[in-house]
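The structure under discussion appears below in the form of structure tokens.
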Amino acid sequence: MGSTPTSVTQQKLSKLNVARQMLLQRYQHQPFVCCLAGLYGCQWRSYQHTLTQPGHCCRSKWECGSFALIVLTFCLSLIFLYFWSEAQNDYNDFDWFNFGNLGFWFPWSLVLLILAVFLFTYVAVLLLLAVCLLSEGQRLYLHWCHKIGILVTLILSIVASSVLSDLWGREWMTVLLSFQVTAPYLHIGGVVLMTLLSWPIAFHVFRLNMKVSRIAIMLPYTTAILTLYLVPLGLKSPCIKDSRNLGSAPALIGHRGAPMLAPENTYMSFEMALAAGADGLETDVTISYDGVPFLMHDKNLRRTTDVEDVFPNWTHVSPAMFTWRELQSLNAGSWFFSQDPFRTASSLSSSQHLQAKNQSVCTLRAFLDLAAQHGKLVLFDLYRPPQGHPYRDTWISQTLDVIQNQSSIHSSQVLWLPPELRDFVQELDPELQQITHEQAPVEELQLRRIARLNIHYSSMSETEIRKYAAANISTNLYVVSEPWLYSLAWCSGAHSVATNAVHILKKLQRPLFLMTPDEYRLMWTLTDIASLILIMMIFMFHWWREGVLAISVNNSSELETGSYRQFRTELNDVWFLSNMSASEKQELSL
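Here it is, written out as structure tokens:
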């Protein structure tokens, strides 16, 4: 006996109800998915009907290319952000470098940092949206506005990194140094990221029927996660050691005083450095036209004085070509507030503000007397006057005369850095401590009676520092102002650092990121084990879910074989049914 049209309709309605329940279970987060799709592709309504099929995550090859471009841009923008955030130690040098080339002051370093953060955040959000959509089984469709944004971000990241590498290539050494303290935590972050990615990867792997496609996805993922698990076996860091093997904190030498708290190379700046706990002072010495050694770093007076107002025609003239009387007429403090190089001027009290604003050029004698009064070491660069200067050939003698005869400092408190006529200086005053920039062999340094090395922090090496220390040659690193960098110098065994931030580094009681080998071993082992367990649970869950859905598909007979190929022939009926009112369904059953 044949079935009546009503019974056929009721059977079909029943099967469609089963399909509808499965659909609702599959898309119980549909509002959330619509929101993700709207943010990613700006298609708030139509996107919910675009379900992905096994092996098809994008609407077209162009969309797959867009997703690959997002991943590439994410990586490059992350490199740019990490590079520039770790370069904060040298932001001040970067800004003054641009001042010298452009002729005006602007905090370019801060602007670049904000730009790097914005670009990375934008790309990271898009990548997160894409991964979430893939986890929900949605096909990707990136709106053209985002495609332009990604392309612009990619270009800016490449151009910025290239220009900075060309002008500031030494900063890549800073990045490599930063890995010595951040690598243990970057490893954990990488493991967490790969663990989170296991969800969409497992979701799509178990939907694929082709074994080759599964291998193509699983092989690179498995290789990456296993590599991350094993990275700590080859990781070496000076900060992974027992605290009992840690030496004393490096002495702090105020680089041009305390330039974060007062105008650099002024008497107030050195007073502030000493008040903050500096163990020594560093400066730069030039000889005036009438033979007075004074403190000045730059090749002209534009940056740190009001020479443009007092001597507008001499703005590019060497400071050594000014007489001491002319130098005394200049204000060496007001620029600190108009330019605020470290963005710290607002921290000064009203009395300090008034004092700083009225600073003048400081003499070498006043600098030495201040250090002698507090029993501190001094270190200075000595610049030879230009051609035509009356003291061009006697510049060293003029400086030594101030040390030996005019100031109250003892020669043993002076770290003598100028390499010119070093033998003559040693013969004239053997009590001066000889210090050099050259990382020469130990035997050569001992023959030249070098007591200390003065090297840029980017050349920091625990092995080299300890090698020189074994020969009783100490190491001073310049310029170290970031706590993480000071911590690395501490762990590496450096004896002293020249710094702009005495008041900050003096507060550190122990190095940042310091941990024992056992603590680190426990940390990365637990991280790897937890990650492995979570990844296995995620893959097992997707395997189980695919099996349950496969059984449901076989029982419903309305679905094709293969996971998630349901609703292909009657998808429109399902959505029609989902939108029917109760009365309409009753009419259909009748």
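In terms of my numbering, the sequence shown is residues 441 to 1030. Ideal Cβ placement from N, Cα and C applies to all residues, glycine included.
Same chain, Cβ closer than 8 Å to residue i, five either side skipped, listed in chain order
i	result
Ser683	Arg950, Leu954, Thr956
Trp775	Pro703, Arg743, Thr744, Thr745, Asp746
Met963	Pro624, Ile628, Met955
Leu840	Val865, Leu868, Asp869
Leu512	Leu594
Gln381	One cannot answer for residue 381 here, as it falls past the ends of the chain, which runs 441 to 1030.
Residues near residue i by beta carbon distance below 7 Å, same chain, minus five either side
i	result
Ser517	Leu559, Phe560, Val563, Thr593, Ser597
Pro781	Asn532, Asp535
His896	Tyr918
Ala713	Gly694, Gly697, Ala698, Leu721, Val942
Val671	His627
Trp983	Phe646
Thr763	Ser728, Tyr729, Asp730
Tyr960	Pro624, Ile680
Nearest-angstrom Cβ-Cβ length linking residue i and residue j, presumed shorter than 8 Å
i	j	result
Lys797	Phe820	The Cβ separation is near 25 Å, so there is no contact.
Arg1099	Asn916	Residue 1099 is absent from the structure shown; the chain starts at 441 and stops at 1030.
Thr614	Ala527	6 Å
Ser800	Leu770	7 Å
Ala432	Gln853	Examination of residue 432 is not possible in this model, given that the chain is present from 441 through 1030 alone.
Ile843	Leu808	7 Å
Leu872	Ser851	5 Å
Asp678	Leu928	The sequence given here has Pro at residue 678, not Asp. That pair is a contact at about 6 Å.
Lys907	Gly717	Not a contact, Cβ separation roughly 30 Å.
Counted within 10 angstroms of its Cβ, other Cβ atoms place residue i as buried (16 or more) or exposed
i	result
Tyr625	exposed
Gln879	exposed
Asn753	exposed
Trp924	buried
Asp719	buried
Met1062	With the chain represented from 441 up to 1030, any question about residue 1062 goes unanswered, as that position is not in the structure.
Arg579	buried
Ser549	buried
Tyr487	Confidence is the limiting factor: at Tyr487 the pLDDT is only 49, short of 50, which leaves the residue's position unreliable, though a coordinate-based value still follows. Buried, since its Cβ has 16 or more Cβ neighbours within 10 Å.
Ile665	buried
Gln620	buried
Val603	exposed
Asn541	exposed
Ile680	buried
Val818	buried
Ile973	exposed
Val599	exposed
Residues near residue i in its chain [Cβ-Cβ closer than 6 Å; skip 5 each side]
i	result
Phe710	Gly697, Leu721, Leu810
Arg824	Trp835
Ser601	Phe520
Val631	Leu668, Thr967, Ser971
Pro640	Val571, Leu574, Ser575
Ile875	Leu855, Leu857, Arg892, Asn894
Trp545	Phe539, Gln779
Leu675	Ala623
Gln882	For the sequence presented, residue 882 should be read as Val rather than Gln. Excluding residues within five positions, the ones whose Cβ falls inside 6 Å are Ala911.
Boundaries (first-last residue) of the beta strand (DSSP E) holding residue i
i	result
Pro733	733–735
Val842	First-last for Val842: undefined, no H or E at that position.
Phe820	817–822
Ser936	936–939
Boundaries of the alpha helix (DSSP H) in which residue i is found, first to last residue
i	result
Arg654	651–670
Arg805	804–814
Ser525	501–526
Ala623	611–645
Val725	Val725 -> not in any alpha helix (DSSP H); beta strand (DSSP E) instead, spanning 720–727.
Trp754	From DSSP, Trp754 is part of no alpha helix (DSSP H); its letter is neither H nor E.
**Asked** Are the segment 757–765 and the segment 505–525 touching by the rule of at least three beta carbon pairs closer than 8 Å?
**Response** Note that the segment 757–765 does not touch the segment 505–525; fewer than 3 beta-carbon pairs, one per stretch, sit closer than 8 Å.
**Request:** Indicate whether the contact test is met: 3 or more Cβ pairs, each with one atom in the segment 695–713 and one in the segment 644–657, closer than 8 Å.
**Result:** Pairwise C-beta distances place the segment 695–713 out of contact with the segment 644–657, as fewer than three of them are shorter than 8 Å.
**Asked** Three or more beta-carbon pairs under 8 Å between the segment 546–560 and the segment 640–647, yes or no?
**Response** The segment 546–560 is not in contact with the segment 640–647.
**Message:** If contact is defined by three or more beta carbon pairs under 8 Å, each pair taking one atom from either stretch, is the segment 726–736 in contact with the segment 972–981?
**Reply:** Counting Cβ pairs under 8 Å, fewer than three are found: no touch.
**Asked** Does the segment 737–753 come close enough to the segment 963–974 to have 3 or more Cβ pairs within less than 8 Å?
**Response** Not touching, per the Cβ criterion.
**Asked** Does the segment 928–940 come within contact of the segment 895–908, defined as at least 3 CB pairs closer than 8 Å?
**Response** Verdict: yes, contact present.
**Message:** For the segment 853–872 against the segment 580–591, do three or more pairs of beta-carbon atoms, one drawn from each stretch, fall closer than 8 Å, so that the two count as touching?
**Reply:** Flag = no, the segment 853–872 and the segment 580–591 do not touch.
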